[in-house]
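Worksheet: the structure to be examined is printed underneath.
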Amino acid sequence: MKIFILAALATIVASQGYPKPQYPKPQYPAPAYPAPAYPAPAYKAPAYPAPAYPSPAYAKTPEYAPMPYNFNWAVKDDPSYNDYAHQETADDKGYVTGSYRTLLPDGRTQIVDYKADDYTGYVADVKYEGEAKEYKPAYKPAVYPSPAYPSPAYPSPAYSAPKYPSPSYPSPAYPSPKYPTKY
């Protein structure tokens, strides 16, 4: 019982311990800032002169003296029914003469003879040769036989299932386990 009383007394003394320390709150002076040493900003919009643009104008086109030339060409392709030609001649004064012809679907040929210069412009004389026929397309699609492929000259392959030898395992070298019967 003495031990019990001694333990209770030690507990009471230990619980009383030292008081919690108390410190004074820190005290700081109120902040004091000096007045600014520069003037307050004042925005002033920049003054630019109004933009001055030149009025739009096209670049001057260089003028060259006309170059004399002479050309002609023709196409006659019966499977596609294309039959036309063109011929033109020009001199060094800008006077152009020429003609072109084309086969029309109705069987006639249209021939256009023309002259062109700076004074009269483009003047064409159109003529037709031949009689107009009722237009019926002459195109007939080619008849192709359906493809027939010969059988191959080599024999057809024969596949059989692979034959593997039956597995054979040696008997184990250790004795088979012996299990106890029910208890």
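Read in numbering that gives the first Met the number 0, the sequence shown has 14 at position 15, and its numbers run on one by one without any break. All residues carry an ideal CB built from backbone N, CA and C; glycine is no exception. Keep in mind that this is a model prediction, so the values were computed, not measured.
Look at Ser14 here: in three-state DSSP terms it is helix.
By DSSP's assignment, Leu102 forms a beta bridge with Thr108.
Look at Lys75 here: in three-state DSSP terms it is strand.
For Glu87, the uninterrupted beta strand (DSSP E) run begins and ends at 81-89, by DSSP.
Rounded to whole angstroms, the gap between the alpha carbons of Lys43 and Ala31 is 32 Å. According to the DSSP assignment, Gly129 belongs to no beta strand (DSSP E), since it is labelled neither H nor E.
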